[in-house]
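**Student:** Sharing a structure here in C-alpha cells format.
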Amino acid sequence: MSLAERMLRIDRRIIFLVIGLCTLVPLLFPVGLPIKISSEVRGVYDYIEGLPEGSVFLLSLDFDPASKPELYPQAISILRHAFKKNLRVVAMTLWVSGTGLADQILTQTAKEAGKENGKDYVFLGWSPGGSAVILNMGQDLYNAFPADYGGKATKGLPVLAGVQNLRDVTYAVSLGAGNPGVEAWYVFGKDKYKFELGGGCTGVIAPGLYPLLRSGQINGLIGGLRGAAEYETLIGQKGKAVAGMDAQSATHLAIIVLVAICNMFYFSLRRQQRRQGG
Amino acid sequence: MDLSFSVILGAWIATGLTLFILSFLYEDNPLFKLAEHLYVGVSLGYTIVKTYDTVVMTLIVRPILDKGEWSLLIPVGIGMLMLTRYVPKAAWLSRYAFAFIVGVGAGLAIPRTISSFILKQIEDTVRPLLGIAPGGGITFDYSLLNPASHLNGIIILIGVVSVLFYFFFSVEHSGPGKTVARAGILFLMISFGAAFGYTVMARMSLLIGRLTDLIEFSDASYGRPTLWLLLLTVATLIVLSRRSRSHPPNQ
C-alpha cells in the first residue's frame, strides 16, 4: 500500500484528535492574534453608539442553549453596550427553549451595570405564536406580553413609558439561531412597522442574511463567534469570543492544510492508478 | 472563590454530559446514549413546562378567572378541535382548526414574504451600473471590498442572470447558453463554498465553547470535574472496548 493510499484510509479519530489539539492548545496558551473590525459589525455598534440616552432598544434573544457558544458572547456585548449608553432595554425571546438562558444573560449584565428591573430594563419572556408574536407586538405590545417574565404587569412599567407598539421602538436587534429570528423580525417587524433593525446570528445562517444586509433591510450583522469577538473589541471589554479567536484561526488553518493534503494524496493516487491501468 | 452547591453541581453535570457526548468521536457507547437521551428528554420537558405555564396558565386560565375575559374561550375552542384527531369518529372536526391555521398563516406570510424577499431583493439587484458625478460625467467604482460598488453590482447581475438561466430547463444548454449555464454553476459553487466555510466556523465555535467550559471546570474551586470525569469516561471506554472484543455482538 502506497503512502497516498495509507493516508487516505487514515483512522478518522486521528483527524478528530488533530482538530481537538488545534482548538485546545491556543485556548490554553493564547497568542492574541489581531481582530479586524468588519463593516457589518460596525453597523450595529455605530447605530447603538449614536442613540440618545433613554431610547428604546429591543433585543430579541432568539436562540437556545445549543447556540450558546456563538450567541451568548454577542448578547453579553450588545447588552453591555446598551446599558453603558443608558438605553431602555426591552428583551424577549421567540424561542421557548431559550427563556431561561435569555433571563440569565439579561440579569447578569444588568447586575454588572447596576441597572434596575422594570425601570432600566425588562425581560418580557416568551409568548406563543412564533412570527405572529411580532405582528401582535406591532399592534399592541401589552396584548402580546401582558406580564413580564417575573409575572409583573407590563402596563405601567417605567421602562416602557411611551411605548405602545413596535413603532415606538428606536432600534431592534435579533440574535437568531434560525427561524423565527432575524428574517422574521424583518418580514413581520421592520418592513411593516418601520423601525431600524440589526441582526446577529450563528455562522451557519450568516451567508443567508448577507443579501438583507446589502439591500439595507438590516443595518448591520454580527456573524458567529467572529462577529462576537469584533463587538467585544469595539466595546473594549474582551471576553469569551476574543479568547476563542486564536483557537478558531488555528482550527481553520488545520482544516485548510488537511483539505490540501487530502487533495494532494487523492490526485497522486489517481495518477498512480492511471499509470498502472495504462 | 466560593461557589454555591448548585453552581458546582451544574459544573459537574455539564462537564460529564460534554465528555459523554464527545466520547462518540471514539465510538458509539452507552455513555453517549445516556447523554443523548437526557438531552432530548430535558429539552422536551423544559419546553412542555414552559409552554404550559405561559400559554395555559398565564394567557388563558388567569385572564379568564381573574379578569373574566371569556372571549378567550373562542381560540381555546378552536385549539381544542385539534385534539379530536385522537377520536376517529370526531377527527373531521380538526380540519376546521387546521383550515384556520393554514388560512391565517398563509394570509400573513405570503404578502410579507413577497415584499421582503422578492420585491426588495429585485430592487437591490437592479442597481445603476454606472454613477453620475456631482459636476456631471460618469463614474465607475471598481472597489471589490465595497458591497455597493458598481463592479460588485455587475458581478451580482451576472450571477443572478446566469444562475436563473441554469435553472431554466425549457431551452437546451448548448452554444452560448452552455457558457451562461456554466457561469451559473460557478456562482452556485462559490455560494456553496462560502456557506460551507461559515458552517465549519460555526461548528468549530461550538467546540471552542465546550472546551472553554471544560478548561474553566478543571479549576479546584469546582472540585476539578473535568479531570475526574475525563478519567471516568476514558476508563469506561477502555472497559467497554475490551468487553466488546471478548464478547462480540451477535450479527
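Chains as they are written, first to last, in our numbering: chain A, 1 to 278; chain B, 279 to 529.
Note that the Cβ used here is the ideal one computed from N, Cα and C, for glycine as well.
Keep in mind that this is a model prediction, so the values were computed, not measured.
Please look up how many angstroms separate the CB atoms of threonine 109/A and isoleucine 76/A, rounded, as I've assumed it's under 8 Å.
**Tutor:** In this structure threonine 109/A touches isoleucine 76/A by the C-beta definition: roughly 6 Å separates them, less than 8 Å.
**Student:** List, in order along the chain, the chain B residues whose C-beta lies closer than 8 Å to that of glutamine 217/A?
**Tutor:** Ser394, Lys398
**Student:** Leaving out five residues before and five after serine 268/A in sequence, what residues of the same chain have Cβ atoms less than 6 Å from its Cβ?
**Tutor:** Ala4.
**Student:** Give me, in chain order, the residues of the same chain whose beta-carbon lies closer than 7 Å to that of serine 38/A; leave out the 5 immediate sequence neighbours on both sides.
**Tutor:** Glu230
**Student:** Residues of chain B with a CB under 8 Å from the CB of tyrosine 186/A: which are they?
**Tutor:** Under the 8 Å cutoff, chain B gives Ser394.
**Student:** Between proline 341/B and chain A, is there a C-beta pair that is closer than 9 Å?
**Tutor:** Flagged as an interface residue toward chain A: proline 341/B, by a C-beta distance shorter than 9 Å.
**Student:** Which residue comes first and which comes last in the beta strand (DSSP E) that contains tyrosine 186/A?
**Tutor:** Run containing tyrosine 186/A: none; DSSP gives neither H nor E here.
**Student:** Going along chain A, which residues have a C-beta under 8 Å from arginine 520/B?
**Tutor:** What arginine 520/B touches in chain A: nothing, since even the nearest Cβ is about 17 Å away.
**Student:** How would you label proline 34/A, buried or exposed, when you count the other beta carbons within 10 angstroms and need 16 or more for buried?
**Tutor:** So proline 34/A counts as exposed.
**Student:** Please check the pair serine 60/A and tryptophan 185/A, which I expect to be a contact at CB under 8 Å, by giving their CB distance rounded to whole angstroms.
**Tutor:** 6 Å
**Student:** What is the C-beta distance between proline 180/A and glycine 130/A, in whole angstroms, given that I count them as a contact (C-beta under 8 Å)?
**Tutor:** Contact between proline 180/A and glycine 130/A holds, since their C-beta atoms are separated by about 5 Å, short of 8 Å.
**Student:** List in chain order: all unbroken alpha helix (DSSP H) runs of 4+ residues lying wholly within the segment 330 to 362 of chain B.
**Tutor:** 340 to 345, 351 to 360
**Student:** Please list the terminal residues of the continuous alpha helix (DSSP H) segment that includes glycine 277/A.
**Tutor:** 240 to 277
**Student:** To the nearest angstrom, report how far apart tyrosine 500/B and tyrosine 72/A are at their CA atoms.
**Tutor:** 22 Å
**Student:** Pick helix, strand or coil for tryptophan 506/B, following the three-state DSSP scheme.
**Tutor:** Reduced to three states, the DSSP call for tryptophan 506/B is helix.
**Student:** Would you call the segment 488 to 495 of chain B in contact with the segment 239 to 257 of chain A, where contact means no fewer than 3 C-beta pairs closer than 8 Å?
**Tutor:** yes
**Student:** Buried or exposed: serine 483/B, going by 16 or more other Cβ atoms within 10 Å of its Cβ?
**Tutor:** Buried, by the Cβ-count rule.
**Student:** Between serine 301/B and the rest of its own chain, which residues show a CB-CB distance below 7 Å, the 5 nearest in sequence each way excluded?
**Tutor:** Cβ within range, chain order: Asn307, Leu309, Phe310, Thr511, Leu515.
**Student:** Go to tryptophan 290/B, then tell me how far its alpha helix (DSSP H) extends in each direction, as first and last residue.
**Tutor:** 283 to 300
**Student:** Helix, strand or coil, according to DSSP, for glycine 98/A in the structure here?
**Tutor:** Helix.
**Student:** Note down the Cα distance separating alanine 387/B from arginine 373/B, rounded to an integer number of angstroms.
**Tutor:** 20 Å
**Student:** For chain A, find out if any of its Cβ atoms is closer than 9 Å to the Cβ of alanine 377/B; answer yes or no.
**Tutor:** no
**Student:** What's the call for isoleucine 134/A, buried or exposed, on a 16-neighbour Cβ count within 10 Å?
**Tutor:** So isoleucine 134/A ends up on the buried side.
**Student:** If I measure Cβ to Cβ from alanine 82/A and keep anything under 8 Å in the same chain, skipping five residues before and after, which residues do I get?
**Tutor:** Ile48, Phe57, Leu59, Val89
**Student:** Do glycine 282/A and valine 44/A have their CB atoms nearer than 9 Å?
**Tutor:** Nothing can be reported for residue 282/A, as the shown portion of chain A is limited to 1 through 278.
**Student:** Under 7 Å Cβ-Cβ, which residues of chain B neighbour valine 280/A?
**Tutor:** As shown, chain A starts at 1 and ends at 278. That puts residue 280/A outside it, with no answer to give.
**Student:** With DSSP as the reference, label alanine 480/B as helix, strand or coil.
**Tutor:** Collapsing the DSSP output to three states places alanine 480/B in a helix.
**Student:** I'd like the list of long-range same chain contacts for glutamate 183/A, defined as Cβ closer than 6 Å, with 5 residues on each side in sequence excluded.
**Tutor:** none
**Student:** By alpha-carbon positions, which one of Leu21/A, Arg9/A, Asp11/A ends up nearest to leucine 253/A?
**Tutor:** Nearest option by C-alpha distance: Leu21/A.
**Student:** Chain A partners of threonine 332/B, CB-CB under 8 Å?
**Tutor:** For threonine 332/B, the residues of chain A that pass the 8 Å Cβ criterion are Val96, Gly125, Trp126, Ser127, Pro128, in the order they occur in the chain.
**Student:** Should tryptophan 126/A be labelled buried (16 or more other beta-carbon atoms within 10 Å of its own) or exposed?
**Tutor:** So tryptophan 126/A ends up on the buried side.
**Student:** Using a Cβ cut-off of 8 Å, pull out every chain A residue sitting near tyrosine 304/B, in sequence order please.
**Tutor:** Arg13
**Student:** Hey, out of Leu160/A, Arg12/A, Gln164/A, whose CA is closest to aspartate 140/A's CA?
**Tutor:** Out of Leu160/A, Arg12/A, Gln164/A, Gln164/A has the C-alpha closest to the C-alpha of aspartate 140/A.
**Student:** Using a 10 Å radius around the Cβ and a threshold of 16 neighbouring Cβ atoms, would you call alanine 389/B buried or exposed?
**Tutor:** With the sequence shown as reference, residue 389/B is identified as proline, and alanine is not the correct amino acid for it. Classified as exposed, proline 389/B has fewer than 16 neighbouring CB atoms from the shown chains inside 10 Å of its CB.
**Student:** Compare the beta carbon distance of alanine 530/B and proline 207/A with 9 Å and say whether it is the shorter of the two.
**Tutor:** Nothing in the structure corresponds to residue 530/B, since chain B is present only between 279 and 529.
**Student:** For phenylalanine 123/A, count neighbouring Cβ atoms within 10 angstroms of its own Cβ and tell me buried if that reaches 16, exposed if not.
**Tutor:** buried
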